[in-house]
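Chains D and P, in that order, are what the protein sequence lines are. The first sequence begins at 1 in the numbering used here and counts up by one. The second sequence begins at 1 in the numbering used here and counts up by one. Report on the structure given below.
Protein chains: 2
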Amino acid sequence: MTSTSARELEHPQCGEIRLEAVLHALSDPMRLQIVRYLATLGRDGEAPCSAIDLVVTKSTSTHHFRVLREAGVICQIYQGTAKMNRLRREDLDELFPGLLGTILDADAAQCRRLGDGH
Amino acid sequence: MTSTSARELEHPQCGEIRLEAVLHALSDPMRLQIVRYLATLGRDGEAPCSAIDLVVTKSTSTHHFRVLREAGVICQIYQGTAKMNRLRREDLDELFPGLLGTILDADAAQCRRLGDGH
Numbered sequence: 001m002t003s004t005s006a007r008e009l010e011h012p013q014c015g016e017i018r019l020e021a022v023l024h025a026l027s028d029p030m031r032l033q034i035v036r037y038l039a040t041l042g043r044d045g046e047a048p049c050s051a052i053d054l055v056v057t058k059s060t061s062t063h064h065f066r067v068l069r070e071a072g073v074i075c076q077i078y079q080g081t082a083k084m085n086r087l088r089r090e091d092l093d094e095l096f097p098g099l100l101g102t103i104l105d106a107d108a109a110q111c112r113r114l115g116d117g118h
Numbered sequence: 001m002t003s004t005s006a007r008e009l010e011h012p013q014c015g016e017i018r019l020e021a022v023l024h025a026l027s028d029p030m031r032l033q034i035v036r037y038l039a040t041l042g043r044d045g046e047a048p049c050s051a052i053d054l055v056v057t058k059s060t061s062t063h064h065f066r067v068l069r070e071a072g073v074i075c076q077i078y079q080g081t082a083k084m085n086r087l088r089r090e091d092l093d094e095l096f097p098g099l100l101g102t103i104l105d106a107d108a109a110q111c112r113r114l115g116d117g118h
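Below, the structure is given as structure tokens:
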């Protein structure tokens, strides 16, 4: 095993992604914030964890990204010491057509309704 | 307070329903099973808790219905000693257009894909 593969993070394959886990991953305001941000980057856009200001400790932030990764919502790949994150939009759209877009729309509607970003 | 109102259960008003709570409520296989069943009853269809065979203890079943009620996903009203349940489809569709339908479609797609009712 090379040092590169030793630093590969585990992801569910497309067929292993479960709706319940995706909904759980998206049921937290901070995780929704991460997904909302990554969605603005376009289909293959990616960003380091540090690009998203969650105002929590590093370990809490790492936890939220891990929940999203393990549910199959995001892909995380090391680049140097940083983890780069991108939405698994194609996988999610293939398994659950329209789901991610509808949830992002619902999130945007709620942000507008509450007028405070939440 | 009449004995009837004393037995009224608390529900969030439409404007108090939050996306995160709805997604959390739907992130459990048994709660998805309840919602899937109620959705088959049509727009104003309702059913007692006992109509849905969850194969769990009464207290666990009661917990799952309560999570759905407190998130604003279902309405529960006493009729005699039974609680009647119905989906708050209109409220959810008003707040989050398409969300409930898309999640039910995703659930149906997953059931077909896994071929085991989950």
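From the three backbone atoms N, C-alpha and C, an ideal C-beta is built for every residue, glycine too.
Proximal residues of chain P, C-beta to C-beta of residue i below 7 Å
i: P29 (chain D); result: E20
For residue j and residue i, the rounded distance between their alpha carbons
i: A109 (chain D); j: L26 (chain P); result: 19 Å
i: D28 (chain P); j: R7 (chain D); result: 32 Å
i: P97 (chain D); j: R89 (chain D); result: 10 Å
i: G115 (chain P); j: R36 (chain P); result: 16 Å
i: T40 (chain P); j: T57 (chain D); result: 44 Å
i: D107 (chain P); j: L23 (chain D); result: 11 Å
i: I52 (chain P); j: L68 (chain P); result: 14 Å
i: I103 (chain P); j: I17 (chain D); result: 15 Å
i: G15 (chain P); j: E94 (chain P); result: 10 Å
i: E20 (chain P); j: K83 (chain D); result: 26 Å
i: G45 (chain P); j: L99 (chain D); result: 25 Å
i: D91 (chain P); j: E10 (chain P); result: 16 Å
i: C49 (chain D); j: Q13 (chain D); result: 22 Å
i: R43 (chain P); j: G101 (chain P); result: 12 Å
i: R112 (chain P); j: Q33 (chain P); result: 14 Å
i: H64 (chain P); j: L54 (chain P); result: 10 Å
i: L38 (chain P); j: R66 (chain P); result: 15 Å
i: R31 (chain D); j: R31 (chain P); result: 21 Å
i: T60 (chain D); j: A47 (chain D); result: 18 Å
i: N85 (chain D); j: D105 (chain P); result: 28 Å
i: L87 (chain P); j: L87 (chain D); result: 31 Å
i: T62 (chain D); j: T62 (chain P); result: 34 Å
Under 8 Å from the C-beta of residue i: neighbouring residues of chain P
i: D107 (chain D); result: L19
i: L32 (chain D); result: L19, E20
i: L23 (chain D); result: L23, H24, L26, S27, I103
Secondary structure of residue i, DSSP reduced to three states
i: G117 (chain P); result: Unreliable placement is indicated for G117 (chain P), whose pLDDT of 49 sits below 50; the coordinate value is still reported in the next sentence. Three-state DSSP puts G117 (chain P) in coil, outside helix and strand.
i: I74 (chain P); result: strand
i: R86 (chain D); result: strand
i: P128 (chain D); result: Residue 128 (chain D) lies beyond the range of chain D shown here (1 to 118); nothing can be said about it.
i: P29 (chain P); result: helix
i: T4 (chain D); result: Bear in mind that the predicted position of T4 (chain D) carries a pLDDT of just 47, short of 50, making it unreliable; the figure below should be weighed with that in mind. Helix, per DSSP.
Within chain D, partners of residue i - CB distance below 8 Å
i: Q110 (chain P); result: R18, L19, L95, F96
Any C-beta of chain B under 8 Å from that of residue i
i: E20 (chain D); result: Checking the listed chains, one finds no chain B in this structure; the protein chains it contains are D and P.
- [ ] Pull out every residue of the stretch 84 to 106 of chain D whose Cβ sits closer than 8 Å to any Cβ of chain P, in chain order.
- [x] L95, F96, P97, G98, L99, T102, I103, D105, A106
Task: Members of the stretch 55 to 70 of chain P that neighbour chain D once the beta carbon cut-off is set at 7 Å - done: none
- [ ] Assess, as a yes-or-no matter, whether the stretch 70 to 80 of chain D is touched by the stretch 63 to 79 of chain P under the definition of 3 or more beta carbon pairs within less than 8 Å.
- [x] no
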